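Reviewing the structure listed below.
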Amino acid sequence: MFDRTRPIALCFAAALALCAEVSANAVFSFTDGTAFDGSTGIGVSMTQTDAVSSVIVNMTTVDIIDWEGDLASEGGPDVPTLNIGGSGGLAVNSTPNTNWSNEATSINPGEGWVFKFDVDVNLVELDFASQGTDVVVVLSSPAFADKTLDYAHGDANNTHSLDDAFVEAGTEITLQFTSYIADDVLRLSSFTIEALATTNTTGTAIFNFVDGGEFDNPAAIGSSMTRSDITITTIDLIGQDGSLNSTGAAHRLNIYGSYNALGLNDAIDLLGIGTTELRDFNPGEGWVMSFDRNVHLVELDMFGQDAGAEMTVSSSAFSDFVLADGVNAEDIHSLANTFVAAGTEITFRMTSATNAADTGLSISSLTVVLATNQPAATETIHGTPYVWLDQFFQGLETEADYLNADESDSDGDSMLTWKEYLAGTIPTNSASLLEVNATELADTNCIVSWQSVTGKYYSVMVETNLVAFSNGWKTVANNIQGLETETAYTTTVASASAAFYKVGIEKRAIYLLIGQSNMAGRAPIETQDEAPVVGCELFNSSNGWETATNPLNRYSTIRKDISLQNLGPGYGFAQRMREVQPEIHLGLVVNARGGTSISEWEKGTTYYNEAISRVQSALKDGNSRLAGILWHQGEGNSSQTTSYLNSLAQLVADFRADLGDPDLPFVAGQLEQDDVTPEVKERPVNDYIILLPTVSSNTAVATTEGLLTMDGTHFDSAGQRELGRRYAEALLSLE
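FYI, the numbering for the sequence shown is -26 to -1, 1 to 709, going by mature numbering (1 follows the signal peptide of the UniProt record, and there is no 0).
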């Protein structure tokens, strides 16, 4: 968080994008990489005692807990330590250490002790041969925080089942007593745990998401994973058009707030009892629910009245993945092997009316069988996700491996890995580091300063919440030319609303190419025009970047038929820019359309808005800077004079204002001048295009004298290549 009382130093990334793509095939594997084959894996072997009969599990007393829950090691009341014979080894398939009789005679109600296991174990059974005591067993660890495994009133031979309770090495188990016998003293005659260790001794035998493959044994995971309370909460309603209706445009379901699985195998009635809970829902409407932890959705049953049902998962990992779709009254929709992470929002939407007489849809019950998917630690003690570390470090298996990587400085930039995660930098690239200082001014603005290099360009971004990324990084300034040693920029965003600042090195200089047919390109693409431009990328229809090849206008959102898109000036422009400035990576956003007039490009029109939108999309990753606009249009206004110049100057001003750069370079190109046929007359608009620099600063013109056309309007291939080079020279003249 930004400390407004003093300057701060933050380390942020050179603006290099990290895009992690998650497959919709969420499959389990051991964290050490061992494959899970569905027959000899954890789902089966963890329940077979003979598979690991030689393993010894050590359970050590590590602390004492008082009735208020305070640990003795942290200043709580002194409670006698149990004499459990050192580590208290627990042998599989044999009688564990039971030398604990009468050692707890002075423990008061609510007091107890804390044990720790030295390896991953499955607690098969916990026996309390006590004297009329109530016992609560609490499993306390990052993965199972304060999870109550069992609660029972004990008598001499009461057995407390802990089947399928998995704990990882180092997990602490707290045993705490809640009542006492008549003489106010607890006497524990024996205390035994049968521990079944995992067969995976080289890693953490717990499931994690991986990409690829298939998980073909749902019964194993369904029976072997610990079940616990799962809260499913209605968080919003969805309208017929797919929009959320937080104000309740569709009637809220009567599901009593949330529904808990309560650790049961039985199906869960999410809608309560009755058949009219959805009576006022229209086709296409539904509701959005959220899970409070990772879950495995085993089965979804729909018992409706000829109602079609569609269930989709909406999250970064499972975007719009259709889980079920049916139309029968008692259709059962299998969701075996469907895994969702905690916080995932699931949208239930009804897709057809029950019948003509009904005003909406009715469902008698909606049931989901849930089994929890609780993996081992998914992040380090510093909060760095394992999946993020896996992108940069190979062979990480154990908790210690991940922590060592997290606390390393592998790229030698004096910044530990976990700090690079928080800052958004790349931990294996020493160039991906910027030391940023932010000093608050009296008017609440900030001076942001950073190490810089002459000739590089930088952008400044702000964010209000690095954890939730509620708004995403917002670029507040770009095209900042670096000075020697250090560059400073005074933000116009109040520090109170910014909180975090990020400075990016802009390695991609973006140019927007717009106009009509000559910019779109009508000249034939010849052999010499087929090679990609090295160091130049084209912004595509997926809002991503790809190697720039002809035709460059193929991804225009306003173009005419693809067959009309051929060679334009952008190709020659990129080649010349790379020749002169090979150190600068280029990005082209080409969005032209033939046969348009300048009035169709005015602020607020479709063509103008599309140009702005595409540039903004191209800049979203924070790794680029908008370096200029190339404009070629006028054939549709060839007879105009002063009015065209005024319109063009206004267009320049509008683009600069909406793109946030008052000095954004702008180059306009003249129309053809060769007069191929007598019917084609001289175009007076050319004499006014050339005057643009006199009415608008930081603009230039690419002349067309001597260039030939194919038809009196469209430049031929040689002409387009030369025109592109002239655009480059005109732009370079502005630097």
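We put the beta carbon where it would ideally sit given N, CA and C, even for glycine. Keep in mind the model is a prediction, meaning the values are calculated, not measured.
With respect to the 8 angstroms criterion, I484 and S598 are classified as neighbours on the basis of their beta carbons. By the CB criterion at 8 angstroms, T464 and N419 fall inside the cutoff. Contact between D648 and T683 holds, since their C-beta atoms are separated by about 6 angstroms, short of 8 angstroms. Rounded to whole angstroms, the gap between the alpha carbons of A566 and S515 is 14 angstroms. Here DSSP, grouped into helix, strand and coil, assigns E353 to strand.
Taking C-beta atoms under 8 angstroms as the contact rule, H688 and R496 qualify, at a distance of about 4 angstroms.
Counting C-beta atoms within 10 angstroms of its own C-beta, T449 has 16 or more neighbours from the protein chains shown and is therefore classed as buried.
In the DSSP assignment, V563 falls within the unbroken beta strand (DSSP E) covering 559 to 564. By the criterion of at least three beta-carbon pairs nearer than 8 angstroms, the region 487 to 504 is in contact with the region 687 to 706.
With distances taken between CA atoms, A627 lies nearest to L638 out of E609, L638, S613. Boundaries around F547 are those of the alpha helix (DSSP H), 544 to 554, since no beta strand (DSSP E) includes it.
With fewer than 16 other CB atoms across the displayed protein chains lying within 10 angstroms of its CB, I536 is exposed.
Comparing alpha-carbon positions, the option among E709, A702, D635, T616 lying closest to L665 turns out to be T616. Here the alpha carbon of S404 sits roughly 40 angstroms from the alpha carbon of K90. R699 carries a helical assignment under DSSP once its states are collapsed to helix, strand and coil. Residue burial annotation: A704 is buried, with at least 16 other C-beta atoms found within 10 angstroms of its C-beta.
Taking C-beta separations shorter than 6 angstroms and ignoring five residues to either side along the sequence, the partners of R588 in its chain run V563, N565, following chain order. When DSSP states are grouped into helix, strand and coil, Q607 belongs to the coil group. Of the candidates T668, L526, W605, L390, W605 places its Cα closest to the Cα of Q490. Residue pairing by DSSP places L512 opposite E520, L562 in a beta bridge. The way I'd put it, the region 548 to 555 does touch the region 504 to 513; three or more beta-carbon pairs between them come closer than 8 angstroms. Here I558 is actually not in contact with Q607; their C-beta atoms are around 26 angstroms apart, not less than 8 angstroms.
Within the DSSP secondary-structure output, K476 pairs in a beta bridge with M435. G518 and A592 have their C-alpha atoms roughly 8 angstroms apart.
Non-local beta-carbon contacts of T354 in its own chain, meaning distances under 7 angstroms to residues more than five positions away in sequence, involve Y376, L377, D380, W392 in chain order.
CA-CA distance, L512 to A601, rounds to 15 angstroms. In the structure shown, R630 adopts helical secondary structure according to DSSP, grouped into three states. Distance check between V434 and each of G369, V477, R657, T402 places V477 closest, using alpha-carbon atoms only. A distance below 8 angstroms between beta-carbons, with the five flanking residues on each side excluded, links G386 to the following residues of its chain, in chain order: S404. If you draw a straight line from the Cα of E460 to the Cα of G369, it is about 39 angstroms long. Going by DSSP, V675 is part of the beta strand (DSSP E) stretching over 673 to 676. R482 has its alpha-carbon roughly 6 angstroms from the corresponding atom of G561.
For the 8 angstroms CB-CB criterion, T678 and L697 form a contact. Beta-bridge analysis with DSSP links T449 to M435. Within the model, the alpha-carbon separation for V88 versus E373 is close to 22 angstroms.
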